[in-house]
Structures are given as structure tokens and as C-alpha cells.
Amino acid sequence: MHSDATDQKACSLCAERIPAAAIKCRHCDGYQGRWFFLNLSAPVLSLLVALVSILSLALPTLISAVRHPHSDVRVAFQYFEDGTAYFVASNGGTRAGSVGEVYLDYGQQGERHVLRGVADGRSVPPGANRQLAFRLPCPREETPQVEYAQDPKWGSRPIAKDARLSAVVVQFDGTSSTQTTPIGALSGIQAISDRLTRCVVAELREPTPR
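For what it's worth, numbering that gives the first Met the number 0 labels the leading residue of the sequence shown as 0, then goes sequentially.
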């Protein structure tokens with residue numbers, strides 16, 4: 000009798016006496032100990048699975064709502080060909096940004112010449128990469144950007160060592176920054192010089208107004 004009492008335990012569900020080593024109650028079919036989670040009914044398990052599914056779908060939306068929307072546009076110069084500079088703009092943020100003004104800065108010589116966008120659109124969508132092209136115009140070409148004061152000897156002197164190609168990047172929140180590439184580091188320095196030379200030659204060939 001004493002041995003039978005010590006070898007038994009109360010069922011965790013119905014409290015009936017069952018063997019101490021029993022995994023499942025013979026009275027209510029309830030599982031015992033670490034197997035207790037198996038007592039969950041099929042509807043409860045279905046609800047738990049549905050809850051997990053909903054959370055997995057909603058989690059990205061919740062994270063994006065908590066995170067501050069921003070863009071992270073960066074510009075990398077690729078090459079210069081036939082008077083046109085080619086860039087790759089990437090955006091690692093969650094909102095769109097854009098590339099604004101691109102210009103050739105002659106450094107200490109004080110000259111600054113705006114390049115014209117070749118393709119339409121300068122916006123960079125979030126998580127995307129775009130190739131952008133900007134052409135170096137001759138002095139007499141109309142440019143949609145602000146007209147900068149141009150030296151009468153524009154293009155007639157060699158490119159200075161401190162010259163650089165600059166691109167203004169505009170982020171989603173309106174802040175802007177200038178990313179520059181030293182001309183001395185560009186493989187297309189000869190192409191830039193040739194473009195300037197062709198501009199000067201074209202102007203010399205034009206008949207002067209009387």
C-alpha cells in the first residue's frame with residue numbers, strides 16, 4: 000500500500016491518481032510534465048500558427064514605421080568619354096534621393112563650369128543603382144543651370160592639378176553635400192582636355208558678327 004502511494008502522482012489536468020512515470024493520464028488522456036504543451040487543442044494550435052504568420056508579415060512594416068525615413072545617396076565617377084562624364088549613383092536608404100548640380104571645378108583658378116544632364120531624371124530610388132551622364136558644354140551653349148561667370152580664356156589653359164569633378168547630392172530630408180573626385184585621379188583627363196580644345200576650335204571657326 001505504501002509503495003503504491005509513493006509510485007503514483009496526481010494528474011496535472013484531472014487530479015486523478017496515475018503512475019508517477021506516466022506521460023499520459025488514463026482518465027482524461029492529458030499529457031504530463033514536459034509533454035503538457037501537447038494538451039493544447041487543435042483550435043488553439045491553429046490560432047497560435049495564425050498569430051505567428053501575421054507577426055512575420057507585419058514585422059517589416061512595423062520596423063519601417065519605427066525607423067526614421069532617410070536616403071543615403073552616394074555618387075561614384077566611372078569614366079569620361081566624348082565630353083560626357085558618367086557616374087553611378089546608389090541609394091542605401093529607405094527613401095528616394097537625387098543628384099543635383101554636377102560641375103567641373105578648376106580649383107584655385109576660380110573657374111567652375113556646370114555640366115548638363117544627358118538622360119532625363121536624377122532621382123535615385125531607395126535600394127537602387129543608376130547610371131547618370133553629364134556633358135561638359137561649350138561656353139556658348141545654353142545651360143538650364145545657373146550661369147557662372149566664365150573666364151574669357153576658358154578651355155585655353157591646361158587643367159590644373161587641383162581641379163576636380165564635383166557632384167551635389169540631395170537627400171530625402173533636403174540636406175545636400177558635395178562629393179568630389181580629383182581630376183588628377185581620373186583616367187579621362189585627356190578626354191576632358193580634348194573636349195575643351197574642340198570647344199575653342201569651334202568658336203574660332205565661327206564667323207564674327209559685323
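By construction, the Cβ of each residue, glycine as well, lies at the ideal position given by its N, Cα and C atoms.
The beta carbon of D6 sits closer than 7 Å to the beta carbons of P18 and A19 from its chain, once the five residues preceding and following it are set aside; these are given in chain order.
When DSSP reads this structure, G116 sits in a beta bridge with F133. Residue environment: V169 is assigned as buried (16 or more neighbouring CB atoms within 10 Å of its CB, all protein chains considered). Bounds of any beta strand (DSSP E) do not take in G92, whose DSSP letter is neither H nor E. G173 sits in coil when the DSSP states are folded into three classes, being neither helix nor strand.
Setting aside the 5 residues that flank it on each side, S89 is surrounded in the same chain by R73 and N128, each with a C-beta closer than 6 Å to its C-beta; the list follows chain order. The alpha-carbon separation between Q130 and I53 amounts to approximately 39 Å. Per DSSP, the unbroken beta strand (DSSP E) holding K8 starts and ends at Q7 to A9.
The alpha carbon of T196 has as its nearest neighbour, out of G82, G116 and F171, the alpha carbon of G82.
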